[in-house]
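Note that the sequence shown covers residues 0 to 188 in numbering that gives the first Met the number 0. Have a look at the structure below before the remarks.
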Amino acid sequence: MMRQRQSGGSLIETLVAVTLGIAFMSGTMFSFNHYRLMNKAAREGEILAEAALALDAYLKMHGLSIVKNGNAPGFPLPLQPTAEQLKAADFLPRYTPLRTPFDGSLQFTIRKGARNDLFGLVCDTQAITHAGDPSPQLAGAVVMAVGGAGLRTSIATPGVLNGPAHTGVASPIVGPSIVCAWAYLASPI
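See below:
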């Protein structure tokens, strides 16, 4: 008696193929999500870097008069200019979005340092989170994208900003993984 040859795959072969397909799709989705988040962090850093440049120019033009006379032409709160005011005065490029990729807004603060120097902080008012939790990895990626002029808080010290150039700076916004860029006017006042 001759046996007939079976055509097609067995149930086990089919299950193996389906499992491999699911694993491949999961890996692809994970890679895509990681790439998307890194892109978002890079864009966030670029916006903060643009804002830091604007604040730097604002400090160079009005910094000394802000500290000595308490005013800057056209800025009702010269130590806390808004993004709209900086755009209107051509410090901030007009194409800079007012909402950042992590759905925060730009907040500018100017402080007088311990050595009578001025520095400005531009923060994203939205904590950098992933899946609803503060993300030090993403916050670190944003700081890198700012080009070394970035500071961030941590879960351990939610009200203190630390970064490559400054440490222990009081944050204008209290919360973990908040990212700021900074501008610095070293001349003593």
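All C-beta atoms, glycine included, are put in the ideal place defined by N, C-alpha and C. Computed from a predicted model, the values in this text were never measured in an experiment.
Specify the secondary structure class of V141 as computed by DSSP and reduced to three states. DSSP places V141 in helix when its eight states are reduced to three.
If you count every other CB in all the chains shown that lies within 10 Å of the CB of R93, and 16 or more means buried, which is it? Exposed, because fewer than 16 other Cβ atoms sit within 10 Å of the Cβ of R93.
If we count the other Cβ atoms within 10 Å of its Cβ and call it buried at 16 or more, is P72 buried or exposed? Note on P72: under 16 other CB atoms within 10 angstroms of its CB, so exposed under the neighbour-count rule.
Comparing alpha-carbon positions, which option in H165, N161 and L36 lies nearest A140? Measuring from the Cα of A140, the nearest candidate turns out to be L36.
According to the Cβ coordinates, are V159 and V168 closer than 8 angstroms? In this structure, V168 lies closer than 8 angstroms to V159 by Cβ.
Determine the DSSP secondary structure at P72, reduced to helix, strand or coil. P72: coil per DSSP, three-state reduction.
What are the boundary residues of the beta strand (DSSP E) that includes Q106? For Q106, the enclosing beta strand (DSSP E) begins and ends at L105 to K111.
Beta-carbon contacts of A40 that lie in its chain and below 7 angstroms, excluding the five residues immediately before and after: Once the five neighbours on either side are set aside, the close Cβ partners of A40 are L137, A140, V141 and A144.
Expressed to the nearest angstrom, what Euclidean distance is found between the alpha-carbon atoms of L76 and N115? When rounded, the distance between both Cα atoms is 20 angstroms.
Length of the line joining the Cα atoms of S104 and E43: Between S104 and E43, the C-alpha separation is close to 11 angstroms.
Taking Cβ positions, are D123 and T99 nearer each other than 8 angstroms? The answer is yes: Cβ separation under 8 angstroms.
Inter-residue spacing [alpha-carbon to alpha-carbon] between L192 and A22: Absent from the structure is residue 192, since the part of the chain shown begins at 0 and ends at 188.
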